[in-house]
Structure formats: structure tokens, C-alpha cells
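Numbering (UniProt numbering), first residue to last: 1 to 232. Beta carbons: idealized from backbone N, C-alpha and C, even for Gly. Below is one structure, written out as C-alpha cells; the observations come after it.
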């Protein structure tokens, strides 16, 4: 039996206020980038250098509009957690980028959720195995429409928050990040050659917790974007 393999659709996210789409090449995430979250996850912000993990490009799940968008509860988990994050979109590639030049490589910003199958992640940690299975499932990265840095500037401070069913769960400020966007981009470029279309999820403040079907998650980053999803 012969097969015709069609090229997969290009993963992309909408650009706010435009019919344009931002093509997504890779989704990188930085772990434990807020001191209070590092502590709640059992880490030490005073000792740990930045570390990174990935989600597949097609894990990007576009969230637009003010009404909550239906988002499917993932398989093989009973402990699904939310993590609200500033997302930086790379517009110019490079490797071994200097911190002083790093923001020149950032095209724009959005807000996203690093959704996590915490039970599976915990099982993998306990066995000393990669915990990608807890982070890289289908639709694991709900992300707002992106806005160019020419509109938002390069935010170094500003409130980041998440509400679940109208109750505040996460609250912090971008200035609380251990590694700034520029430092994170520069650090990431030591490990990978960055290219246009890459996204960097920049970490989450404390307050991560479990959510269930029917819950409405709404959050944002001041001056950048908001998003709202209903878990179905």
C-alpha cells in the first residue's frame, strides 16, 4: 500500500489588529524564572542557572477575542495545572547573542499558558526521566494574538496575573523575573540557533494549581495582552 504524505499545516498565531499570521517554528520555555515559583516547586532561585525545555510548534493554540475560547482537557492526566507567562516572539535569528543586543531579535509579545500535566511531570521527575510528556501534549500552549514590540515596547515591568473562575490564582510583576527577557534570549541562543518564528515562554509567578473541565481561566500581562479559555 502506498501513501501520499501531505505537508502539515504551518503552525501560526494571529497578529493583533491585522490579518497577518506569525509562523511558529519552535516553542521554547524557561523553567522557574520567578523566585517565588522556584520555591513553590522545590527549587532555589539563588543557585539554579536558567534551564529550558520545548513544546512542539503545533502545541500553539490561538486564543483571540474577549469571550473564553474552548480548550480541550488533555488525555492521561488527573492533575492539570496552569502557568501564565509572557511570550516573546523572535523575529531575527542568531546564536551566541549578547544580552545587550538580545531585544533587537524580539519581534513582539503575547501572553500564554504553559499548561502542564503535573502528575505525569512528577512521575517522570521521580524516575529521573525527561518530563516532556507533562509539558508537550496537544494544545499545551494557549497563546493570545501577538503584538509587535513597536506597539508594546519591550516590557521589563508590569503586572502578570491569572484568575480561575473569577478568583485570583497568580499575581506577579515582570520585574520579578530572575532572568530578564534579554538575558533569557541570550542564554537560549547559547544552546540553539534562534530563528524567526521561535517563541520563548518566559516563566510563571507563584500560584500554579489544578484546574478541571468547566473552569474559566483569564489572565494577562499589563500593556501586552489578555486571554481567556474555558476548559472543555
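What do you get for residue i, buried or exposed, if any count of 16 or more other CB atoms within 10 angstroms of its CB means buried?
{"i": "residue 7", "result": "exposed"}
{"i": "residue 3", "result": "exposed"}
{"i": "residue 55", "result": "buried"}
{"i": "residue 151", "result": "exposed"}
{"i": "residue 167", "result": "exposed"}
{"i": "residue 205", "result": "buried"}
{"i": "residue 127", "result": "exposed"}
{"i": "residue 18", "result": "exposed"}
{"i": "residue 28", "result": "buried"}
So residue i is in the beta strand (DSSP E); what residue range does that whole segment cover?
{"i": "residue 230", "result": "225-231"}
{"i": "residue 155", "result": "Looking at the DSSP string, residue 155 is not in any beta strand (DSSP E), and its letter there is neither H nor E."}
{"i": "residue 318", "result": "Since the displayed the chain opens at 1 and closes at 232, residue 318 lies outside it and no answer follows."}
{"i": "residue 21", "result": "21-23"}
{"i": "residue 8", "result": "Element bounds for residue 8: n/a, residue is neither H nor E."}
Compute the distance between the beta-carbons of residue i and residue j, then report whether it is under 8 Å.
{"i": "residue 137", "j": "residue 49", "result": "no"}
{"i": "residue 203", "j": "residue 34", "result": "yes"}
{"i": "residue 94", "j": "residue 189", "result": "yes"}
{"i": "residue 117", "j": "residue 77", "result": "yes"}
{"i": "residue 185", "j": "residue 199", "result": "no"}
{"i": "residue 80", "j": "residue 110", "result": "no"}
{"i": "residue 142", "j": "residue 224", "result": "no"}
{"i": "residue 53", "j": "residue 183", "result": "no"}
{"i": "residue 160", "j": "residue 113", "result": "no"}
{"i": "residue 216", "j": "residue 72", "result": "no"}
{"i": "residue 82", "j": "residue 221", "result": "no"}
Looking only at DSSP bridge pairs, what is residue i linked to?
{"i": "residue 142", "result": "61"}
{"i": "residue 164", "result": "167 and 217"}
{"i": "residue 3", "result": "Residue 3 is not bridged to any residue."}
{"i": "residue 177", "result": "34"}
{"i": "residue 172", "result": "160"}
{"i": "residue 210", "result": "81"}
{"i": "residue 14", "result": "21"}
{"i": "residue 201", "result": "29 and 87"}
Between which two residues does the alpha helix (DSSP H) harbouring residue i extend?
{"i": "residue 150", "result": "149-152"}
{"i": "residue 194", "result": "Taken as a continuous stretch (DSSP letters only), residue 194 belongs to no alpha helix (DSSP H), as it is neither H nor E."}
{"i": "residue 133", "result": "132-135"}
Mind pulling the alpha helix (DSSP H) runs of 4 or more residues that sit fully within the stretch 31-117? You should have 35-40 and 99-102.
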